[in-house]
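To start, the structure itself, in structure tokens.
Protein chains: 2
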Amino acid sequence: MFQILIMFSKACEYGIRATVYIAQESLSGNRASLKVIAKEIDSPEAFTAKILQQLARHNLILSTKGPHGGFEIAPENLYHLTLDKIVKSIDGDEIYQGCGLGLKACDADNPCPLHFQFLEVRNKLSLMLHTTKIYEMAEGIVDGSAFLRR
Amino acid sequence: MFQILIMFSKACEYGIRATVYIAQESLSGNRASLKVIAKEIDSPEAFTAKILQQLARHNLILSTKGPHGGFEIAPENLYHLTLDKIVKSIDGDEIYQGCGLGLKACDADNPCPLHFQFLEVRNKLSLMLHTTKIYEMAEGIVDGSAFLRR
DNA sequence: TAAATAAAGGACAAAAAGGTCTTAATATAT
DNA sequence: ATATATTAAGACCTTTTTGTCCTTTATTTA
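Chains as they are written, first to last, in the numbering used here: chain B, 75 to 224; chain W, 75 to 224.
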């Protein structure tokens with residue numbers, strides 16, 4: 075019976091942190107290897123690999139095998155990529171659906187007793203995810219005003 | 075890799091729904107038995123029992139054994155009880171702490187790149203939980219404007 | 001073309017959340 | 001007192017999430 079309330083899954087946490095790190099490297103034209111990523115964001119390497127595979131399959135990041143390979147974000151994506159894409163890619167599409175109290179059917183016509191309050195909070199979160207850009211987060215790391223580990 | 079983003083644990087969902095149902099019965103001076111609660115909120119009986127035990131241990135609800143026993147909310151609690159108490163009792167105290175990106179140390183001085191955005195959403199949720207009263211939710215059930223199952 | 005480097009993929013293991021079952025304890029009514 | 005109804009508690013099982021390890025595939029460089 076533990077668990078934090080507004081939360082990302084571990085997969086999502088690592089996914090976001092990894093992507094921000096990759097973005098940071100991409101800003102200066104470098105690829106990042108899995109090994110370095112996992113070290114820099116302090117995440118389990120093999121698990122992080124799975125997550126990055128998934129992000130690559132969804133074309134949010136690019137992966138290249140072989141020497142000097144690694145992960146990067148395509149220039150045309152770098153300035154557009156928002157948090158919600160990462161989250162959706164990892165935790166699935168139903169993020170913004172589903173009744174807060176777990177009812178199978180819950181809508182404005184047949185609401186659970188928390189429906190409207192819940193909607194407000196969820197909309198706020200949704201807005202946050204849609205407007206937060208990965209490259210902005212990455213810039214915070216570059217200029218030292220934010221951190222990806224510790 | 076599934077999971078909904080702003081969410082209660084299943085334990086919390088059942089706990090909230092059960093409490094609202096108990097409040098509804100308490101409003102008209104009745105106790106509710108586990109069997110009836112589980113049926114009315116459509117939850118697994120034995121699991122619901124565990125959750126109610128916990129709420130009772132924390133003195134959020136009262137339980138009475140034996141014939142005509144069951145669960146109720148003490149009159150002096152009934153109009154004061156808010157959602158956050160239920161959630162805290164079930165999911166623990168760290169609900170409003172913890173870095174959104176999973177960093178061990180993350181605060182205004184040493185923030186993760188999502189710290190301030192996250193805080194806003196969390197504050198909104200916190201406010202919602204602190205201001206939503208159980209008896210108000212129960213009244214919604216009574217007057218037919220909201221539902222605990224389906 | 002061979003060796004080295006890196007990601008991809010699949011099988012497996014561990015931990016946490018969700019859920020069940022059985023027995024014990026307690027209250028009530030007769 | 002006894003039978004019955006009800007919650008409490010603990011042991012156990014199942015599913016999901018998190019995490020590891022090993023083999024395969026692709027790319028680069030010598």
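Beta carbons: idealized from backbone N, C-alpha and C, even for Gly.
It should be emphasised that the depicted structure is a prediction, and the values quoted were computed from it without experimental measurement.
Identity of the residue in B:Val-110, B:Asp-116, B:Ser-107 and B:His-189 nearest W:Gly-176 by Cα: As a position in the second sequence, residue 176 of chain W is number 102, starting the count at 1. With distances taken between CA atoms, W:Gly-176 lies nearest to B:Asp-116 out of B:Val-110, B:Asp-116, B:Ser-107 and B:His-189.
Residues of the segment 152-169 of chain W with Cβ closer than 9 Å to any Cβ of chain B, in chain order: Per Cβ criterion, the list reads Leu-157, Val-161, Ile-164, Asp-165, Gly-166, Glu-168 and Ile-169.
W:Thr-156 (DSSP reduced to helix, strand or coil): Stepping through the second sequence from its first residue, residue 156 of chain W is reached at position 82. Annotated three-state conformation of W:Thr-156 is strand, per DSSP.
Assumed close pair B:Ile-160, B:Ile-90 - CB separation to whole angstroms, cut-off 8 Å: In the first sequence, residue 160 of chain B corresponds to position 86, counting from 1. In the first sequence, residue 90 of chain B corresponds to position 16, counting from 1. Confirmed, about 6 Å.
CB contact below 7 Å: W:Glu-114 versus chain B: Sequence index remark: in the second sequence, residue 114 of chain W carries index 40 (1-based). The C-beta of W:Glu-114 comes no closer than 7 Å to any C-beta of chain B.
Contact check, W:Ile-111 vs W:Tyr-95, beta carbons under 7 Å: Counting from 1 along the second sequence, the entry for residue 111 of chain W is found at position 37. Counting from 1 along the second sequence, the entry for residue 95 of chain W is found at position 21. Taking 7 Å as the Cβ cut-off, W:Ile-111 and W:Tyr-95 qualify as a contacting pair.
Whole-angstrom distance between B:Ile-215 and B:Thr-102, CA atom to CA atom: Indexing the first sequence from 1 puts residue 102 of chain B at position 28. Indexing the first sequence from 1 puts residue 215 of chain B at position 141. Checking the sequence shown, residue 102 of chain B turns out to be Ser, not Thr. Roughly 13 Å between the two C-alpha positions.
Interface flag, B:Ala-179 vs chain W, CB-CB below 7 Å: Here residue 179 of chain B is taken as the residue at index 105 of the first sequence, counted from 1. True, the Cβ-Cβ gap to chain W drops below 7 Å.
Sequence-distant residues of its chain with Cβ nearer than 7 Å to B:Thr-206 (five each side left out): Here residue 206 of chain B is taken as the residue at index 132 of the first sequence, counted from 1. Once the five neighbours on either side are set aside, the close Cβ partners of B:Thr-206 are Thr-156 and Leu-157.
Extent of the continuous alpha helix (DSSP H) run through B:Thr-206: Sequence index remark: in the first sequence, residue 206 of chain B carries index 132 (1-based). Per DSSP, B:Thr-206 belongs to no alpha helix (DSSP H) and is neither H nor E.
Cross-chain neighbours of B:Ile-90 in chain W, by beta carbon under 8 Å: Indexing the first sequence from 1 puts residue 90 of chain B at position 16. Going along chain W in sequence order, the residues near B:Ile-90 (Cβ under 8 Å) are Leu-175 and Leu-188.
Limits of the unbroken alpha helix (DSSP H) element including W:Gly-89: Numbered from its first residue, the second sequence carries residue 89 of chain W at position 15. That run of the alpha helix (DSSP H) goes 84-101.
Endpoints, the beta strand (DSSP E) within which W:Phe-121 is located: Within the second sequence, the letter at position 47 stands for residue 121 of chain W. Element bounds for W:Phe-121: not the beta strand (DSSP E) but the alpha helix (DSSP H), 119-131.
Assigned exposure category for W:Thr-122 - 16 Cβ within 10 Å defines buried: If you number the second sequence from 1, residue 122 of chain W lands on position 48. In this structure W:Thr-122 is buried. Its beta-carbon is surrounded by 16 or more other beta-carbon atoms within 10 angstroms.
For W:Ile-208, the nearest candidate out of B:Lys-162, B:Glu-210, B:Leu-188 and B:Ala-130 (CA to CA): Indexing the second sequence from 1 puts residue 208 of chain W at position 134. Looking at the Cα atoms, B:Leu-188 is the closest of the given residues.
Length at least 4, wholly inside the segment 176-206 of chain W: the alpha helix (DSSP H) runs in chain order: Segments of the alpha helix (DSSP H) lying fully in the segment 176-206 of chain W: 189-205.
Local Cβ density within 10 Å of W:Ala-92, reported as buried at 16 or more and exposed below that: Indexing the second sequence from 1 puts residue 92 of chain W at position 18. Buried, because 16 or more other Cβ atoms sit within 10 Å of the Cβ of W:Ala-92.
Residue-level contact to chain B via CB, W:Glu-119, 7 Å cutoff: Within the second sequence, the letter at position 45 stands for residue 119 of chain W. Among the residues facing chain B, W:Glu-119 is not included, as its CB has no counterpart in that chain under 7 Å away.
Outcome for B:Arg-196 when other beta-carbon atoms lying within 10 angstroms are tallied against a minimum of 16: In the first sequence, counting from the first residue as 1, residue 196 of chain B sits at position 122. When all chains shown are included, B:Arg-196 counts as buried.
Chain W within 7 Å of B:Pro-149, Cβ atoms only: Here residue 149 of chain B corresponds to residue number 75 of the first sequence, with the count starting at 1. So no, B:Pro-149 is outside the interface.
N- and C-terminal bounds of the beta strand (DSSP E) containing B:Leu-134: Reading the first sequence from its first residue, position 60 is the one you call residue 134 of chain B. DSSP places B:Leu-134 in no beta strand (DSSP E); its state is neither H nor E.
Under 8 Å from the C-beta of B:Val-195: neighbouring residues of chain W: On the first sequence, position 121 is the one that residue 195 of chain B refers to. Listed by position along chain W, the residues whose Cβ is nearer than 8 Å to that of B:Val-195 are Ile-80, Val-195, Lys-198, Leu-199 and Met-202.
Exposure of W:Ser-219, with buried meaning 16 or more beta-carbon neighbours within 10 Å: Numbered from its first residue, the second sequence carries residue 219 of chain W at position 145. When all chains shown are included, W:Ser-219 counts as exposed.
Beta-carbon gap between B:Ile-164 and B:Ala-85 smaller than 7 Å: As a first step, residue 164 of chain B must be located in the first sequence, where it is residue number 90. As a first step, residue 85 of chain B must be located in the first sequence, where it is residue number 11. Taking 7 Å as the Cβ cut-off, B:Ile-164 and B:Ala-85 qualify as a contacting pair.
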